[in-house]
Amino acid sequence: MLSSNKSKDGLVVEGKAFWCFLNEPNIQFEPQWSLRLVGSELEQRIFEHGGFGMRMEQLDGKDVGLSVLMRRKVRSMDDVLKKPILLDKNQNRLELFEELPNGSNVKVKYKCWERTHPFEDKVVKGIDLIAVMLLDETPTIF
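In terms of my numbering, the numbers along the sequence shown are unbroken and rise by one, the last being 142.
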């Protein structure tokens, strides 16, 4: 079990979001919606112990904590429309006009997955990003 907070269709964790691609998918390597999440120290240890890749995030030159990548792949143009659900702190739909700034406070709903690599004898793990709730004040467009 990766988190103490369960919801009906996934796990939920609070933390700080970094390197978000929630307005538009990241198309640099493999198209995907994503963010890196820094959870509590306990959550960081749980993700690290679970075998997920972690990296240190910084904000204003200070270490914030270890982040884990949460993503949803875009396999076709139809998938672009299946982006993660975005909500404000009042649980209203949120439309972004730019990416969330690093260090934004969020609550994230996710599912973990694992499979055996088809050509190598190793297990591959990942985290499917289902929904993001922005806990900070909603940015304005003007």
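From the three backbone atoms N, C-alpha and C, an ideal C-beta is built for every residue, glycine too.
Beta bridge counterpart(s) of R71 as assigned by DSSP:
BP columns for R71 point to S34 and D128.
Let me confirm a value: P25 is counted as buried when at least 16 other C-beta atoms fall within 10 Å, else exposed. Which label applies? Buried.
Going by the DSSP bridge assignment, what does W113 pair with across the sheet? DSSP lists G126 as partners of W113.
ask   = By Cβ distance, which residues of its chain are closer than 8 Å to L87, with the 5 residues on each side in sequence left out?
value = Within the same chain, L87 has close Cβ partners R93, L94, A131, V132, M133 and L134.
Practice problem: Answer yes or no: do K109 and V12 have a C-beta to C-beta separation smaller than 7 Å? | Solution: Yes, these two residues count as a Cβ contact at 7 Å.
ask   = How about C20 and E99: do their beta carbons lie closer than 7 Å?
value = Taking 7 Å as the Cβ cut-off, C20 and E99 qualify as a contacting pair.
In its own chain, which residues sit with a C-beta less than 6 Å from the C-beta of F47, not counting the 5 before and 5 after it? Counting only Cβ-Cβ distances below 6 Å, and skipping sequence neighbours, we find V68.
Run of the alpha helix (DSSP H) containing L42, from where it starts to where it stops: In the DSSP assignment, L42 falls within the alpha helix (DSSP H) that extends over E41 to H49.
- Query: Quick one: Cα of Q44 to Cα of G65, how far?
  - Reply: A direct Cα-to-Cα measurement between Q44 and G65 gives close to 8 Å.
- prompt: Comparing alpha-carbon positions, which option in K16, F119 and K73 lies nearest Q58?
  reply: Of the candidates K16, F119 and K73, the residue whose Cα lies closest to the Cα of Q58 is K16.
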